[in-house]
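J.: Numbering (the numbering used here), first residue to last: 1 to 449.
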Amino acid sequence: AEELAGRVGSELNIPVYLYAKSARREDRVRLPDIRHGEYEALEDKLLAGDFKPDYGPAVFNATSGATAIGVRDFLLAYNVNLSTWDKKTASDIALTVRDKGRAKRDRKGAIARDEDGAAVTVPGRLSHCQAGGWFIDEYGYAQVTMNLTNFRETGLHRAFEVVSEEAAKRGVRVTGSEAIGLLPRDALLDAGRYYLEKKGSNTGIPEKDIIQAAVLGLGLNDTSPFIPGERVIEYAVEGRSTGPAALTLSGFSDELSSDSMAPGGGSVSALSAALSASLTSMVANLTFGKKGYERQNKPMKEISIRAQELKARLLCLVDSDSDAFNEYIRALRLPKQSEAGIKDRAQAVESAAITMTTTPLETLRLCRELITLAEKVLRKGNSNALSDAFVAVSQANAAAEGAFLNVRINLPEVNDQVFVTSTSEEAEMLMNDISKIHKRLFASVRKKI
1 AEELAGRVGS
11 ELNIPVYLYA
21 KSARREDRVR
31 LPDIRHGEYE
41 ALEDKLLAGD
51 FKPDYGPAVF
61 NATSGATAIG
71 VRDFLLAYNV
81 NLSTWDKKTA
91 SDIALTVRDK
101 GRAKRDRKGA
111 IARDEDGAAV
121 TVPGRLSHCQ
131 AGGWFIDEYG
141 YAQVTMNLTN
151 FRETGLHRAF
161 EVVSEEAAKR
171 GVRVTGSEAI
181 GLLPRDALLD
191 AGRYYLEKKG
201 SNTGIPEKDI
211 IQAAVLGLGL
221 NDTSPFIPGE
231 RVIEYAVEGR
241 STGPAALTLS
251 GFSDELSSDS
261 MAPGGGSVSA
271 LSAALSASLT
281 SMVANLTFGK
291 KGYERQNKPM
301 KEISIRAQEL
311 KARLLCLVDS
321 DSDAFNEYIR
331 ALRLPKQSEA
341 GIKDRAQAVE
351 SAAITMTTTP
361 LETLRLCREL
371 ITLAEKVLRK
381 GNSNALSDAF
391 VAVSQANAAA
401 EGAFLNVRIN
411 LPEVNDQVFV
421 TSTSEEAEML
431 MNDISKIHKR
441 LFASVRKKI
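#1: Quick check on DSSP: helix, strand or coil for Thr357?
#2: Within its chain, find whatever has a CB closer than 6 Å to the CB of Met300; leave out the 5 residues flanking it on each side and keep chain order.
#3: Starting from Leu148, follow the beta strand (DSSP E) in both directions and report where the run begins and ends.
#4: Rounded to a whole number of angstroms, what is the C-alpha to C-alpha distance between Arg24 and Tyr39?
#5: Going by DSSP in three states, Ser241 sits in which element: helix, strand or coil?
#6: CA-CA distance, Ile371 and Asn202?
#7: Skipping 5 residues on each side, what residues in its chain have a beta carbon closer than 6 Å to that of Ser267?
#8: Report the rounded CA-to-CA distance for Gly155 versus Leu189, giving the unit in angstroms.
#9: Gln296 by DSSP, collapsed to three states: which one?
#10: Going straight from the alpha carbon of Asn81 to that of Glu138, what length do you get?
#11: Is the segment 57-70 close to the segment 145-161, with three or more CB pairs under 8 Å?
#12: For a quick check, are the C-beta atoms of Ser278 and Ala400 less than 9 Å apart?
#13: Going by alpha carbons, who is nearest to Gly176 out of Val144, Ala374 and Asn410?
#14: Can you tell me which residues form a DSSP beta bridge with Cys129?
#15: Using the C-alpha atoms, what's the distance from Arg7 back to Arg72?
#16: Does Phe442 pass the burial test, meaning 16 or more other C-beta atoms within 10 Å, or should it be called exposed?
#17: When the Cα of Gly181 is compared with those of Phe74, Arg113, Cys129 and Arg193, which residue comes out closest?
#18: Out of Ala374, Leu332, Ala340 and Arg446, which one is the CA nearest neighbour of Glu413?
#19: Who are Ser177's beta bridge partners in DSSP?
#20: Can you tell me whether DSSP reads Gly217 as helix, strand or coil?
#21: Output the residue ranges of the alpha helix (DSSP H) runs that lie fully inside the segment 40-71 and measure 4 residues or longer, sorted by chain position.
#22: Would you kindly work out how many angstroms separate the C-alpha atoms of Thr357 and Thr423, rounded to a whole number?
#23: What does the Cβ neighbour count give for His36, buried or exposed, with the cut at 16 atoms within 10 Å?
#24: If you measure between the beta carbons of Ile303 and Leu373, is that distance less than 9 Å?
#25: Let me check understanding here. Comparing Cα to Cα, which of Gly171, Phe226, Gln337 and Cys316 lies closest to Glu240?
#26: Based on DSSP bridge pairs, tell me the residues matched to Thr121.
#27: Since Gln130 contacts Arg98 with CB under 8 Å, what's their CB separation in whole angstroms?
#28: State the beta-bridge partners of Tyr19 as determined by DSSP.
#29: How is the alpha helix (DSSP H) around Gly6 delimited, first residue to last?
#30: Taking the alpha-carbon of Ala5 as reference, which of Gly70, Leu47 and Glu26 has the nearest alpha-carbon?
#31: CA-CA distance, Thr149 and Glu115?
#32: What is the DSSP secondary structure of Ile111, counted as helix, strand or coil?
#33: When the distance is taken between beta carbons, is Ile434 closer than 9 Å to Arg368?
#34: Would you tell me roughly how many angstroms separate the C-alpha atoms of Ala262 and Arg330, rounded to the nearest one?
#35: Can you tell me where the alpha helix (DSSP H) with Phe404 in it begins and where it stops?
#36: Once the 5 residues before and after Glu327 are set aside, which same chain residues still bring their CB inside 8 Å of it?
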């Protein structure tokens, strides 16, 4: 920010003011304080002497004006819809919720002032919130329009609920809300978890369902359809995956059964582990909130949340294993006509071989955690899902065996003997632990079924 501001000021001769986390003065942290008076007041403010820019000339530039540059958290532009066309109601709510608050008034309605004559303010209900009220002709209703400058402190759901409370005090109902531009995934996940927990539901469910809970809880479809794939930053930037994990079940099976060497056993092992995680989460969700299992609600919630996290990572490893093999093949095909070419090829092959080994090793590591989670739902989960819980155990074991053998078969391609030794020892230890747990649990379940 400093470097950019310096260049804008020196190369373009535009006054630059640093704001937010880059601000050098307390009165320049908030962008509205810098912009006070807008363009029309800029010339007089520069002449007054106390508005010297951080970079660039302290001279009014009629063509370019001035600019502000700074580092800040992601800002959410967020509007809450009201069942009224009265802009005054929206503005009154905005004054109550914004962090800056409103001027305090005495019984006669006059603004209260301190000993120095400055207006006394009543802080607003929401921190990190700038707000105003307006009427939108296109929509036919008023909105409380907000900039949430730190959504981890004041999230969408917090802003929505507080505005709803204030609207109710004024005899107005909130009908929904509107997000402007793109939203970070975490902002919606936080809101989704809030609304799920508010109604006593488990949050250890697929990410898309948590996002949908946020969309419904916030009424984000009220103004226009909210499509997560287009409106969530991470989804929009990453796009749709084209790897094996994005295929349908039949599509993956068809691809696997062809003469292509990738995806192969490593991807299948990661997929098997992901299925183990899915089953574990399923049993935990079938236990959560069920009569007779009330004492298991907390552990089952924790298990389901972690199982969902493991599932997501393992699905990534389905693609990563295939990518690692393809990278190794590309390295083998590099030219070796010169000494430099031979050296570059050898380095590329070694790097690819290590990646081709560490990918199934990660799957194996996760299987160790997976089988422990599966054991917990096997022992404490809904007894009607006993066989499902053991399939989760068995899938984790099968995935581990596949990952273990993939590590073993790829290790000879690596020249780094320190890496080979440490990886081999770790893989043996993990596989032994998993095998013992699987054998013990299988014997236990056989006695019950």
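C-beta atoms are modelled at their ideal positions from N, C-alpha and C, and glycine is treated no differently.
T.: Reading it off the structure:
#1: helix
#2: By the criterion of a C-beta distance shorter than 6 Å, Met300 is surrounded in its chain by Ala284, Thr287 and Phe288, once the five residues flanking it on both sides are discounted.
#3: Tyr141 to Leu148
#4: 22 Å
#5: coil
#6: Across the structure, Ile371 and Asn202 are spaced so that their CA atoms are roughly 22 Å apart.
#7: Pro244, Val318, Asp321 and Ser322
#8: 10 Å
#9: helix
#10: 13 Å
#11: no
#12: no
#13: Val144
#14: Leu148
#15: 20 Å
#16: Taking a 10 Å sphere around the C-beta of Phe442, we find fewer than 16 other C-beta atoms and assign the residue as exposed.
#17: Phe74
#18: A check of alpha carbon separations from Glu413 across Ala374, Leu332, Ala340 and Arg446 identifies Leu332 as the nearest.
#19: Val80
#20: Here Gly217 sits in helix by DSSP.
#21: Along the length of the segment 40-71, whole alpha helix (DSSP H) runs at least 4 residues long do not occur.
#22: 9 Å
#23: With fewer than 16 Cβ atoms within 10 Å of its Cβ, His36 is classed as exposed.
#24: yes
#25: The sequence shown places Arg at residue 240, not Glu. With distances taken between Cα atoms, Arg240 lies closest to Cys316.
#26: Ala103
#27: Yes, they are in contact, since the Cβ atoms of Gln130 and Arg98 sit about 6 Å apart, within 8 Å.
#28: Per DSSP, Gly70.
#29: Glu2 to Leu12
#30: Gly70
#31: 32 Å
#32: Looking at Ile111 - three-state DSSP - the assignment turns out to be strand.
#33: Less than 9 Å divides the Cβ of Arg368 from the Cβ of Ile434.
#34: 13 Å
#35: Boundaries of the alpha helix (DSSP H) around Phe404: Leu386 to Asn410.
#36: Ala352, Thr355 and Met356
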